[in-house]
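Asker:
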DNA sequence: TCCAATTAGTGGCATATGCCACTTTTGCCG
DNA sequence: CGGCAAAAGTGGCATATGCCACTAATTGGA
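Protein chains in written order, with full-length UniProt numbering: chain R, 1 to 154; chain U, 1 to 154.
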């Protein structure tokens with residue numbers, strides 16, 4: 001069964017996805033390096049910008065990210081003065097975010113760098129192929145995956 | 001330009017990939033949870049198994065992972081007694097790895113759990129679709145991406 | 001009106017990944 | 001053969017992510 005296993009694992013959807021993510025992540029990170037932002041940070045700043053002073057939960061959901069992970073990831077951006085937070089007026093449990101002027105400027109700077117990477121990537125794989133790939137990935141992200149609850153025997 | 005930007009970012013190949021990776025990663029992690037392994041660790045153990053006492057560099061390359069990152073990721077597995085390392089006989093710079101008996105047992109246990117996740121995922125997206133997606137991801141992983149060296153002006 | 005259940009975040013802990021600066025071994029070349 | 005460049009890892013530092021246990025603020029009843 002070893003051979004079957006070996007062939008099987010190369011079919012692990014998760015491993016394949018992570019492998020590609022590491023590769024592409026480094027490429028975008030390199031492209032963004034002059035701005036001092038990582039790909040993840042860039043994406044987060046962008047998401048904050050397009051939202052209307054979004055709540056943390058809203059961003060976490062949009063990025064399919066754990067709420068606490070979002071909090072952690074946000075810290076360096078707040079520390080560096082790119083993002084500021086404030087409590088919602090009507091519900092003090094909710095914390096909203098917005099870009100500072102510096103954050104906006106940094107984002108504008110990063111967008112140019114991002115555009116170059118994006119262009120190069122699409123030059124290589126083809127705009128259409130890239131769009132198809134993203135569509136497939138979005139479909140995966142939206143799947144209602146959940147392991148059966150370990151089959152409660154009763 | 002804000003609207004164009006907003007539409008544009010939803011087209012960020014990197015962000016889309018990471019989003020899907022977070023989603024799928026949690027799914028496989030949940031499935032593997034009973035074994036105490038994470039998806040990444042499972043993949044690493046598997047890769048070590050199929051290799052012939054592979055060198056660290058070989059594994060890092062196969063997984064498109066930074067060599068130092070591999071070293072870090074390996075530590076908990078060594079600490080827990082699943083993997084052991086030893087120096088290559090002919091080149092003492094090279095460190096090779098192999099599974100311990102416990103590591104092999106743990107991997108066998110995890111493979112069953114992994115199979116269930118894999119099956120469920122493919123039931124939802126279709127075996128063929130999944131294969132196409134993996135092929136596309138492998139193509140991305142194998143791209144010769146590199147930012148033009150910041151255009152040396154001379 | 002007051003308390004139980006729910007909702008939104010925070011902090012701590014652990015793994016996942018990368019980059020950079022070093023250290024140890026090899027290989028190669030004059 | 002001696003010394004320098006390349007190869008393979010290691011360790012430190014920083015971000016990326018998740019889970020869990022808690023805290024604070026709300027919401028719904030009874």
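All C-beta atoms in this analysis are idealised placements derived from N, C-alpha and C, irrespective of residue type, glycine included.
1) What does the alpha-carbon distance come out to for the pair residue 154 of chain R and residue 80 of chain U?
2) Please list the residues of the region 47–78 of chain U that have a C-beta atom closer than 7 Å to any C-beta atom in chain R, keeping them in chain order.
3) With respect to the beta strand (DSSP E) encompassing residue 99 of chain U, which residues constitute its N-terminal and C-terminal limits?
4) Count the other CB atoms within 10 Å of the CB of residue 39 of chain U; is the residue buried (16 or more) or exposed (fewer)?
5) Would you check if the distance between the CB atom of residue 110 of chain R and the CB atom of residue 35 of chain R is smaller than 8 Å?
6) Please confirm if residue 28 of chain U has its CB atom under 8 Å from at least one CB of chain R.
7) How many angstroms separate the CA atom of residue 93 of chain R from the CA atom of residue 21 of chain U?
8) Check each candidate in U:118, U:140, U:145 and name the one with the smallest Cα separation from residue 19 of chain R.
9) For residue 121 of chain U, count neighbouring Cβ atoms within 10 angstroms of its own Cβ and tell me buried if that reaches 16, exposed if not.
10) Output, in sequence order along the chain, the residues in the region 75–102 of chain R whose CB is closer than 8 Å to any CB in chain U.
11) Counting C-beta neighbours from all protein chains within 10 Å, is the total for residue 86 of chain R 16 or more, i.e. buried, or is it exposed?
12) In the DSSP output, which residue or residues are listed as bridge partners for residue 87 of chain R?
13) Kindly indicate the opening and closing residues of the alpha helix (DSSP H) around residue 24 of chain R.
14) Please report how far the alpha carbon of residue 119 of chain U lies from the alpha carbon of residue 88 of chain R, in whole angstroms.
15) Tell me the rounded alpha-carbon separation between residue 73 of chain R and residue 37 of chain R.
16) For a contact defined as C-beta to C-beta under 9 Å, what are the partners of residue 118 of chain U on chain R?
17) List the DSSP bridge partners of residue 55 of chain U.
18) For residue 117 of chain U, which residues in the same chain have their Cβ closer than 6 Å to its Cβ, ignoring the five residues on either side in sequence?
19) How would you list, in chain order, the residues of chain R whose beta-carbon sits under 9 Å from the beta-carbon of residue 24 of chain U?
20) Check whether the Cβ of residue 45 of chain U lies closer than 8 Å to any Cβ atom in chain R.
21) Using DSSP with H/G/I as helix, E/B as strand and the rest coil, what is residue 10 of chain U?
22) Quick one: what's got a C-beta closer than 7 Å to residue 99 of chain R's C-beta in the same chain, skipping five residues either side?
23) What whole-angstrom Cβ distance do residue 157 of chain U and residue 12 of chain R have, given they're in contact under 8 Å?
24) Apply the 10 Å Cβ neighbour rule to residue 41 of chain R and answer buried if 16 or more other Cβ atoms are within range, or exposed otherwise.
25) Please classify residue 136 of chain R as buried or exposed, where buried requires at least 16 other C-beta atoms within 10 Å of its C-beta.
26) Do we get a CB-CB distance below 8 Å when we pair residue 126 of chain U with the residues of chain R?
27) Could you say which of R:126, R:130, R:145 lies nearest to residue 10 of chain U if we only look at CA atoms?
28) Helix, strand or coil for residue 146 of chain U, going by three-state DSSP, please let me know.
29) Please identify the residue among R:78, R:90, R:113, R:112 whose C-alpha is closest to the C-alpha of residue 102 of chain R.
30) Grab the span of the alpha helix (DSSP H) containing residue 35 of chain R for me, first residue to last.
31) Between which residues of its own chain and residue 64 of chain R is the CB-CB distance below 8 Å, once the five residues before and five after are set aside?
Answerer: Let me spell this out:
1) In the first chain, residue 154 of chain R corresponds to position 154, counting from 1. In the second chain, residue 80 of chain U corresponds to position 80, counting from 1. Residue placement at residue 154 of chain R cannot be trusted, given a pLDDT of 27 that sits under 50; the coordinates are not used to answer.
2) 50, 63, 64, 65
3) Here residue 99 of chain U corresponds to residue number 99 of the second chain, with the count starting at 1. Counted as a single uninterrupted DSSP element, the beta strand (DSSP E) harbouring residue 99 of chain U occupies residues 95–99.
4) Residue mapping note: residue 39 of chain U aligns to position 39 of the second chain, counting from 1. Flag for residue 39 of chain U reads buried.
5) Reading the first chain from its first residue, position 110 is the one you call residue 110 of chain R. Reading the first chain from its first residue, position 35 is the one you call residue 35 of chain R. Yes, Cβ-Cβ distance for residue 110 of chain R and residue 35 of chain R is below 8 Å.
6) As a first step, residue 28 of chain U must be located in the second chain, where it is residue number 28. Using a CB distance cut-off of 8 Å, residue 28 of chain U counts as an interface residue toward chain R.
7) One-based indexing of the first chain puts residue 93 of chain R at position 93. One-based indexing of the second chain puts residue 21 of chain U at position 21. So the two alpha carbons sit approximately 29 Å from each other.
8) Along the first chain, read from residue 1 onward, the residue named residue 19 of chain R stands at position 19. Comparing Cα positions, the closest option is U:140.
9) Mapped onto the second chain, residue 121 of chain U falls at position 121. Classification for residue 121 of chain U: buried.
10) none
11) On the first chain, residue 86 of chain R is found 86 positions in, with the first residue counted as 1. Burial call: exposed.
12) Indexing the first chain from 1 puts residue 87 of chain R at position 87. The partner list for residue 87 of chain R (beta bridge, DSSP) reads R:95.
13) As a first step, residue 24 of chain R must be located in the first chain, where it is residue number 24. Unbroken alpha helix (DSSP H) run through residue 24 of chain R: 13–32.
14) For the purposes of this step, residue 119 of chain U is taken as the residue at position 119 of the second chain. For the purposes of this step, residue 88 of chain R is taken as the residue at position 88 of the first chain. Taking the straight line from one Cα to the other gives about 44 Å.
15) As a position in the first chain, residue 73 of chain R is number 73, starting the count at 1. As a position in the first chain, residue 37 of chain R is number 37, starting the count at 1. So the two alpha carbons sit approximately 12 Å from each other.
16) For the purposes of this step, residue 118 of chain U is taken as residue 118 along the second chain, with counting starting at 1. Those within 9 Å of residue 118 of chain U in chain R are 8, 11, 12, 13, 14.
17) Working through the second chain from its first residue, we reach residue 55 of chain U at position 55. Note: residue 55 of chain U sits in a beta bridge opposite U:96.
18) Position 117 of the second chain, counting from 1, holds the residue named residue 117 of chain U. Counting only Cβ-Cβ distances below 6 Å, and skipping sequence neighbours, we find 28, 31.
19) Residue 24 of chain U sits at position 24 when you count from the first residue of the second chain. Simply 13, 14, 17, 18, 140, 141, 143, 145.
20) Stepping through the second chain from its first residue, residue 45 of chain U is reached at position 45. Judged by the 8 Å Cβ criterion, residue 45 of chain U is not in contact with chain R.
21) Along the second chain, one-based indexing puts residue 10 of chain U at 10. Residue state, collapsed to three classes: coil.
22) Here residue 99 of chain R refers to the residue found at position 99 of the first chain. Counting only Cβ-Cβ distances below 7 Å, and skipping sequence neighbours, we find 45, 48, 49, 82, 83, 107.
23) Chain U is shown only over 1 to 154; residue 157 of chain U falls outside these bounds and no answer can be derived.
24) Here residue 41 of chain R refers to the residue found at position 41 when the first chain is read from its first residue. Classification for residue 41 of chain R: buried.
25) Position 136 of the first chain, counted from the start, is the residue given in the question as residue 136 of chain R. Residue 136 of chain R is buried by the Cβ-count criterion.
26) Within the second chain, the letter at position 126 stands for residue 126 of chain U. False, the Cβ-Cβ gap to chain R never drops below 8 Å.
27) Mapped onto the second chain, residue 10 of chain U falls at position 10. Of the listed residues, the one whose Cα sits closest to residue 10 of chain U is R:130.
28) Sequence index remark: in the second chain, residue 146 of chain U carries index 146 (1-based). Correct three-state label for residue 146 of chain U: coil.
29) Sequence index remark: in the first chain, residue 102 of chain R carries index 102 (1-based). Of the listed residues, the one whose Cα sits closest to residue 102 of chain R is R:78.
30) Residue numbering aside, residue 35 of chain R sits at position 35 when the first chain is read from its first letter. Careful: residue 35 of chain R lies outside any alpha helix (DSSP H) and carries neither H nor E.
31) Along the first chain, one-based indexing puts residue 64 of chain R at 64. So the qualifying residues of the chain are 141.
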